[in-house]
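Read the structure below first, then the notes.
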Amino acid sequence: MPASKVGFIGVGSMGRPMAENLLNAGTTLMVHNRSQQVVRALADIGAEAATGVAQLSAECDRVFVCLPNEETCELILMGEDGVFANVRPGSIVVDHSTVSVGLSRKVAERAESVGAKFLDAPISGGPVGATDGTLSIMVGGEQGAYDDVLPEFEKMGTNVVRFGDSGAGTAMKLINQLLTCVHTVAAAEAFNLANSAGVDILKATDLLQKSFGGSTMVGRSGPITADRDFENSGAAMRNLIKDIGIIMTMADEMKLSMPTGSAAAEILYEGRDTGLSDLDIAATIIPIENRSGK
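Converting from the sequence shown to my numbering requires adding 160 to each position, the first position being numbered 1.
Set out below in structure tokens:
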């Protein structure tokens with residue numbers, strides 16, 4: 161069922177291009193963001209600026225949120241004047257944020273209590289995928305709600321999969337992020353070895369991407385590491401630091417062994433503790449170099 165009006169809360173580095181793709185596809189869109197400069201830019205291309213979360217939630221029958229962390233997500237969705245305090249019965253709320261499975265299920269219960277539906281639908285693909293409309297969207301929640309929102313999903317992503325009931329999309333995103341963290345640190349370790357052995361990183365990256373040792377993170381981090389261009393980031397280390405914390409807590413609760421996850425967490429936390437959080441994820445090579453006496 162097509163939505164009469166879609167709302168989007170959180171139009172930052174990921175949410176803004178996602179909102180632009182909805183607008184470009186003809187969606188009637190209302191937006192809200194802490195930074196009004198972004199809201200004005202979207203209003204210039206056809207979006208309606210909401211006065212706040214309450215207005216947007218009350219007027220839209222689809223509400224998408226894309227927020228930076230679990231605390232903000234919980235506040236916006238379940239706060240005193242948040243989405244579920246104002247949303248209309250029958251509306252569908254979609255969360256693109258990376259949070260814990262526990263929070264996704266808690267939000268789903270709150271949605272049900274006010275007669276709304278909820279989909280956890282975290283995303284992967286970074287700002288480039290968000291801009292190009294090629295995101296992977298991992299969805300958990302009721303099949304009917306998924307079917308209703310699929311037309312909007314397909315305006316923002318090309319790999320949209322429902323994995324099961326509430327929390328399943330979030331679980332899949334955390335699986336993806338575990339591998340992203342591990343592969344990022346592994347690539348940094350490999351490039352530190354390459355530097356130490358006198359191997360050109362760009363040549364190594366090209367060869368690795370045609371070999372079993374290649375990965376998305378090798379391909380991404382190689383040129384950034386070769387140029388030491390860690391400050392112009394489309395993917396800041398703070399995001400992986402946040403995600404690995406959620407992942408390791410989940411693993412602890414499930415009593416799972418996480419040998420490579422633990423090793424990746426150690427390096428990421430060293431990056432955080434030495435002031436690297438705002439640098440690109442490829443800067444995970446710096447704590448490895450420090451350990452190596454470089």
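Think of the CB as a built atom: it goes at the ideal place given N, C-alpha and C, for glycine as much as any other residue.
Residue i, DSSP secondary structure in three states
i: E349; result: helix
i: V378; result: helix
i: V171; result: coil
i: E208; result: strand
i: L189; result: strand
i: R388; result: coil
i: V225; result: strand
i: A179; result: helix
i: G329; result: helix
Check whether residue i and residue j have beta carbons under 9 Å apart
i: G172; j: S195; result: yes
i: V321; j: A424; result: no
i: A185; j: K315; result: yes
i: V261; j: L338; result: no
i: V243; j: A281; result: no
i: L279; j: G300; result: yes
i: G239; j: K277; result: no
i: D150; j: R248; result: With the chain running from 161 to 454 in the structure shown, residue 150 is simply not present.
i: A350; j: L368; result: yes
C-alpha gap between residue i and residue j, whole angstroms
i: K165; j: L189; result: 6 Å
i: L183; j: I407; result: 34 Å
i: L216; j: N399; result: 27 Å
i: L237; j: V267; result: 8 Å
i: V358; j: M397; result: The question names Val, but residue 358 is Gly in the sequence shown. The alpha-carbon atoms of G358 and M397 are separated by roughly 27 Å.
i: G438; j: M418; result: Inspection of the sequence shows that residue 438 is occupied by Asp rather than by Gly. Cα to Cα, the separation comes out at about 26 Å.
Any C-beta of chain B under 9 Å from that of residue i
i: E240; result: No chain B is part of this structure, which consists of one protein chain only.
Would you check if the stretch 167-184 and the stretch 202-211 touch, i.e. whether three or more CB-CB distances between them fall below 8 Å? The stretch 202-211 and the stretch 167-184 touch, with no fewer than 3 CB-CB distances between them shorter than 8 Å.
Could you tell me which uninterrupted alpha helix (DSSP H) segments, each at least 4 residues in length, are contained entirely in the stretch 400-449, listed from first to last along the chain? Runs of the alpha helix (DSSP H) lying entirely within the stretch 400-449 and spanning at least 4 residues, in chain order: 419-433.
Decide if the stretch 362-371 is in contact with the stretch 294-307; the criterion is three or more beta carbon pairs, one per stretch, under 8 Å apart. No, the stretch 362-371 does not touch the stretch 294-307.
Check whether the stretch 376-389 touches the stretch 422-438, counting contact only when three or more Cβ pairs, one atom from each stretch, lie closer than 8 Å. Short answer: they don't touch.
Going residue by residue through the stretch 246-322, where are the continuous beta strand (DSSP E) segments of at least 3 residues, counting only ones entirely within it? Scanning the stretch 246-322 from its first residue to its last, the whole beta strand (DSSP E) runs of 3-plus residues come out as 252-255, 277-280, 295-300.
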